[in-house]
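This report concerns only the one structure given below.
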Amino acid sequence: MQKIRNFSIIAHIDHGKSTLADRLIQHAGLVNDRQFRDQILDNMDIERERGITIKSQTVVLSYKSKSGEVFDLNLIDTPGHADFSYEVSRALASCEGVLLLVDASQGVQAQTIANLYAAMEHDLTIIPVINKIDLPSADIEMVKEQIDHDLGLDSDLAVLCSSKEGTGIEDVLEAVVARIPPPAENSDKPLAALIFDAHYDPFRGTIVSCRVFDGKVRPGDLIRLMYNGAVHKVEEVGFFRLFRDPQPELSAGSVGYLIAGIKTVADVRIGDTITMDTNPVEARLPGFKDVKPVVFSSIYPISSDEYPSLVDSLEKYKLNDAALIYQKDSSAALGQGFRCGFLGLLHLEIVQERLEREFDQAIIMTAPSVQYQFKLNDGTELTVENPQYYPDPILIKNSAEPFIKATIIIPERYMGAVMKLCLERRGSNPRIAYPTTARVEITFDMPLAEVVFDFYDRLKTITQGYGSFDYELIEYRDSDLVKLDILVNGERVDALSIIVHRDRAREWGLQVCDRLKEEIPRHNFKIAIQGAIGGKIISRSTISPFRKDVTAKCYGGDITRKRKLLEKQKKGKKRMKMVGNVEIPQSAFVSVLKARDE
Amino acid sequence: MNNRQNHRKNPGLYVHVPFCRSKCLYCDFYSIASQTSIPTWLEAVQREMRLYGEDCGDEHRGKFQNFDSLYLGGGTPTILSERDLAALMESARKYFTFSPEPEITIEANPDSLSAGKLQNIRDLGINRISLGVQSLDDADLKYLGRTHSANQAVKALEMIRFSGFTNISVDLIYGLETQNLRGWRKTLDKILEFRPEHLSCYQLTFEPGTPLGKMKAAGKVRSIGDKLEAAFFIYTSRYLEREGYLHYEISNFARATELTSCHNQKYWTHTPYLGLGPSAHSFYSGTRWWNVKSVKKYCQLLAEGTPPVESSEILTEDQLDLESLYLGLRTSAGIDLNELGADPGMSGALAEMQRTGLVKISNGRIKPTRKGFLVADSLPLMFQG
Ligand SMILES: Nc1nc2c(ncn2[C@@H]2O[C@H](COP(=O)(O)OP(=O)(O)OP(=O)(O)O)[C@@H](O)[C@H]2O)c(=O)[nH]1
Ligand code: SF4
Ligand SMILES: [Mg+2]
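Respectively, the protein sequence lines represent chains A and B. Just so you know, our numbering puts 482 at position 482 of the first sequence, and the rest follows in order with no gaps. Counting from 1 along the second sequence, just add 1000 to a position and that's the residue number in our numbering.
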């Protein structure tokens, strides 16, 4: 049997995980120079456009060590952004070790620590790697000190590298084979394989990513999915090597994929255990912790006859994004849809984009909300994360919203601006610490609701990208909450209603009115947009009717061009929602959520 | 919907002369300000004529015969020497056949005309002149980057009339920052003294990529806004109709039905047309193709004997319908009621458009009103439920 090492690369966002993976892949000769592109594992368009990793990616490399032994290295590149931490924790369940990357100039950051804890929870071997040592601003000594003090690891064991320039790559590989233990040899036991990811392929059915802990599995085997007992016949197993590379078998210790013609998407649960139908294991593997969504929003198909296709797409999408949770919901303006829970705002944005791109679903998403608590006069207690279920205000005795402890680390020069932002966002009880000389750590108590809109974007803007932000939920606190409705020509657009603190209602109302004014195209009548609490109008804007199109000539060359424009507009029109006789484009629903660019 | 039997109608021939004295700031036609390549271009056009003309291959045989219009457009065709023009006309007659009295138009600019040249043009059988005046206010002309003065334009009109042309069209542009309604009216008044048979009045557009378009993007010039644009449009339409012109297409006016541009209507009705020269478009029975937008490439390809076509498209039924719809709704003749599908959404949309005064129905046709013309680009979308 080949010698195997299973490890993940984990780090704070942008510390260079995917770039290190590139170097390891190139070192193994898995791609030639022509096929190669930067961050090759970031194969989704959204990842490439945004320059961040969203999905964990597995790739198996062969490596011949200095001592001449050949290893199968199973590498998992993980995302750094906190919203995708569920991807990291699932990747860790199939590894024996991790490379914990730290950017030599930025040093230890919030997600460095969060990911370190996750790796410790799985009792994995941790190899600290200091990356980007080529940067002029690299401060290796500072990072080493942080590794010792903040991470509690031995900085003498840290490997130094520059993924960009390719220095130290061999040292990284040697550390992997020398320090990370091989997986346990359990091939003779009954099959137990953990499903940690999956995706749907229209031709092959569900393709399962799994880590085999015990036993082995081959094409032809009858496997059982333990969650519902469904039995399927294995068609193909193999490794990911940037493409699917079929193998005669997957044995204990390996990470790979399995295809068994599973067309019933519901059979596959991420975290479930695969075993043999004839010789099953008794107990399922531990699986994963439940996801705890913090942000909620409803999604609706743009046209209601696309609801069944949305149902189908969500089910398939969820295979590939276990962090999404959803249940049925409905709205007067938008029809049937789903209430979804997300790990954060970026997660929400990505779900929307992927549903559109990969499943061709044109959807509308409502303003994100947190979970609010209401006590009514009759003693009932309600938890509400959907403005539709906001109770009748005269019945409310008391309302409360979740608060977080927000931790912001910034270079000192931004302190004033950040303080101001936090106070605007109802931050209180500021505490200041100086973890290193040049950096300030500010902690605030803040309502989570203030963070789910555009807080992070604003923070990034005012700190020019240098601010890092992390939070933990602390408790529910009493709060004066109201429900703000948006009316378009007098009709309430229920999908735009939000629950908000009374002091912040007017500002939000103004923002929505402005945004809608920008996004709703002019009609040939006047459109009034209003924000209202109960019957009281608190903000308004109007869209004046259009009077004149601009194109005046149309000869030989113009005809095709103009038709193409019309075709595009026609398509756009299909994506409009009618509220009364006003056509509201999907972009309007999206834009009300976007950060202001001040 | 159907204009498709139109492929049996007489086709139109267009020749693109891509040379100008200098580039106007608003222009997005393909033309260049250097004239050194005129001889090679002329040779190339003659070769291209041969490709479609008498000894053409099977591909185009029988498509383009009996033209009843020829349009020398540009660019500035009158920049060509008398000899070059003669050679061009001679080749056209050599390779193609024409109906008995074809409409033959040449586009001209005021600063490329002389009495002698006009005489020559008439002798070549060219019977219609389309003169690019744009404005009779020197400030407007400067804003547009025209190389002639208002005075030169008036002189040119006098000369054209004096040479005996009985079919003159004048191009004008309105809606400039430098212009107000009174100034525009002065231009119109002066032009009307010549009683041109035809007028094209275009609203200024800022095309991306043109100098004016870039100046607008950079905030150096502005559009006058849709409120004023609408006012200019309505004013022009009313004024010229009162003066006896037919407002037969959004931007076009004619003194009588028979004086509407025979050639331009082919573009709007899916009638076949053959476009020669760089960037020219052609259409035949549902297929449209267009030439490369470069004199150099155009000449190179033809020198190798290759058709200088850049690309082509075969229109689907839906696309033909959409084009008929939008092109029809830009003309006073409108579209045939029967051409609209029986979609129930349609009748609702139609009723709404009648109610708001955008179209009226007469003689079984849906005809845009003046108010409808204002939003002609959006009318087709209103039919798309
Ligand atoms: N100078 C320098 N830049 C590096 C190095 N490694 C990565 N980078 C740059 O850092 C940026 C982020 O790199 P990625 O590899 O995408 O970072 P990541 O950790 O995978 O980011 P996420 O997946 O989004 O968490 C890119 O612009 C890389 O080119 C390095 O060693 N030196
Ligand atoms: S003269 Fe006509 S074709 Fe030439 S640049 Fe001016 S507008 Fe364009
Ligand atoms: Mg990455």
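We put the CB at the ideal spot given by N, CA and C, even for glycine.
In whole angstroms, what is the alpha-carbon distance linking residue i and residue j?
i          : j          : result
Gln109(A)  : Ser468(A)  : 7 Å
Ile599(A)  : Leu1358(B) : No information on residue 599(A) is available, as it lies outside the stretch 1 to 598 that chain A covers here.
Pro280(A)  : Leu194(A)  : 14 Å
Leu1387(B) : Ser1200(B) : Nothing can be reported for residue 1387(B), as the shown portion of chain B is limited to 1001 through 1385.
Gly168(A)  : Thr1306(B) : 57 Å
Ala1092(B) : Ile1234(B) : 41 Å
Leu1393(B) : Glu567(A)  : The structure shown has nothing for residue 1393(B), since chain B only spans 1001 to 1385.
Ser67(A)   : Asp134(A)  : 28 Å
Ala1033(B) : Gly1348(B) : 52 Å
Glu282(A)  : Val294(A)  : 35 Å
Thr125(A)  : Pro202(A)  : 38 Å
Leu225(A)  : Thr275(A)  : 7 Å
Gly1012(B) : Arg540(A)  : 55 Å
Lys216(A)  : Pro190(A)  : 8 Å
Cys1024(B) : Gly1183(B) : 21 Å
Cys422(A)  : Ala104(A)  : 29 Å
Gly1385(B) : Met1353(B) : At Gly1385(B), the pLDDT of 49 sits below 50, so the modelled position is not reliable and the matter cannot be decided from this model.
Val291(A)  : Gly556(A)  : 59 Å
Thr1269(B) : Gly1328(B) : 8 Å
Tyr1052(B) : Lys1063(B) : 9 Å
Tyr227(A)  : Ala322(A)  : 15 Å
Val1045(B) : Lys1296(B) : 12 Å
Gln336(A)  : Tyr390(A)  : 19 Å
Arg244(A)  : Val500(A)  : 49 Å
Ile54(A)   : Tyr86(A)   : 11 Å
Glu1304(B) : Thr1036(B) : 21 Å
Asn186(A)  : Val212(A)  : 9 Å
Look up residue i in the DSSP assignment and say whether it is helix, strand or coil.
i          : result
Glu412(A)  : helix
Gln1134(B) : strand
Arg502(A)  : helix
His1060(B) : helix
Thr275(A)  : strand
Tyr227(A)  : coil
Ile270(A)  : coil
Glu69(A)   : coil
His1281(B) : strand
Lys570(A)  : helix
Val512(A)  : helix
Thr112(A)  : helix
Pro1039(B) : helix
Pro1077(B) : helix
Arg1008(B) : helix
Gly1385(B) : Per-residue confidence for Gly1385(B) stands at a pLDDT of 49, beneath the threshold of 50, marking its modelled position as unreliable; the derived number appears in the next sentence. Coil at Gly1385(B), not helix or strand.
Val451(A)  : helix
Lys1220(B) : coil
Phe546(A)  : coil
Between residue i and ligand 5, is there a pair consisting of the residue's CB and a ligand heavy atom that are separated by less than 7 Å?
i          : result
Thr1078(B) : Of the ligands one can find in the structure shown, namely ligand 1, ligand 2 and ligand 3, none is ligand 5.
Notebook entry, point to check: In chain order, which continuous runs of the alpha helix (DSSP H) of length 4 or greater are located wholly inside the segment 346 to 427 of chain A?
Noted result: Those alpha helix (DSSP H) runs which fall completely within the segment 346 to 427 of chain A and span 4+ residues are 415 to 424.
Check: Can we say the segment 302 to 320 of chain A touches the segment 351 to 360 of chain A, given the rule of at least three CB pairs closer than 8 Å?
Finding: With a cut-off of 8 Å on Cβ pairs, the segment 302 to 320 of chain A is in contact with the segment 351 to 360 of chain A, counting three or more such pairs.
Next item on the list: For the segment 4 to 21 of chain A and the segment 108 to 125 of chain A, state whether three or more C-beta atom pairs, one from each stretch, are separated by less than 8 Å.
Entry: Flag = yes, the segment 4 to 21 of chain A and the segment 108 to 125 of chain A touch.
Next item on the list: May I ask you to verify whether the segment 1209 to 1218 of chain B touches the segment 1245 to 1262 of chain B, counting CB pairs closer than 8 Å and requiring at least 3?
Entry: Too few Cβ pairs lie closer than 8 Å, so no.
Checklist line | Residues of the segment 540 to 565 of chain A with Cβ closer than 8 Å to any Cβ of chain B, in chain order | finding: Cβ contacts with chain B: Phe546, Arg547, Lys548, Asp549, Val550, Thr551, Ala552, Lys553, Cys554, Tyr555, Gly556, Gly557, Ile559, Thr560, Lys562, Arg563.
Next item on the list: Tell me, please, whether the segment 205 to 220 of chain A touches the segment 234 to 254 of chain A by the rule of three or more beta-carbon pairs shorter than 8 Å.
Entry: As far as the Cβ criterion goes, the segment 205 to 220 of chain A touches the segment 234 to 254 of chain A, which means the pair count is three or higher.
Next item on the list: Starting from the N-terminal side, write out each stretch of the beta strand (DSSP E) that is 3 residues or longer and does not extend beyond the segment 1222 to 1306 of chain B.
Entry: Counting whole runs of 3 or more residues, the segment 1222 to 1306 of chain B contains the beta strand (DSSP E) stretches 1246 to 1249, 1252 to 1254, 1273 to 1276, 1281 to 1284, 1287 to 1291.
Next item on the list: Note down, in chain order, all residues in the segment 566 to 577 of chain A with a beta-carbon under 8 Å from any beta-carbon belonging to chain B.
Entry: If the cut-off is 8 Å between Cβ atoms, the segment 566 to 577 of chain A has Leu566, Glu567, Gln569, Lys570, Lys573 near chain B.
Next item on the list: Compile a chain-ordered list of the residues in the segment 1227 to 1246 of chain B whose CB is closer than 8 Å to at least one CB of chain A.
Entry: Flagged, chain order: Lys1227, Glu1229, Ala1230, Phe1233.
Check: Three or more beta-carbon pairs under 8 Å between the segment 366 to 376 of chain A and the segment 490 to 498 of chain A, yes or no?
Finding: Taking a cut-off of 8 Å for Cβ pairs, the segment 366 to 376 of chain A and the segment 490 to 498 of chain A touch, as three or more such pairs fall below it.
Notebook entry, point to check: Is it true that the segment 37 to 48 of chain A meets the segment 150 to 162 of chain A, where meeting means three or more beta-carbon pairs spaced less than 8 Å apart?
Noted result: Result no; under three Cβ-Cβ pairs closer than 8 Å.
Next item on the list: Output, in sequence order along the chain, the residues in the segment 513 to 525 of chain A whose CB is closer than 7 Å to any CB in chain B.
Entry: Within the segment 513 to 525 of chain A, the qualifying residues are Asn524.
Note to self: Short of 9 Å Cβ to Cβ, which residues in the segment 1268 to 1284 of chain B face chain A?
What the structure shows: Residues of the segment 1268 to 1284 of chain B with a C-beta less than 9 Å from any C-beta of chain A: Trp1268, Tyr1273, Gly1275, Ser1279, Ala1280, His1281, Ser1282, Phe1283, listed in chain order.
Checklist line | the segment 517 to 526 of chain A in contact with the segment 398 to 413 of chain A per 3-pair CB rule at 8 Å | finding: Pairwise C-beta distances place the segment 517 to 526 of chain A out of contact with the segment 398 to 413 of chain A, as fewer than three of them are shorter than 8 Å.
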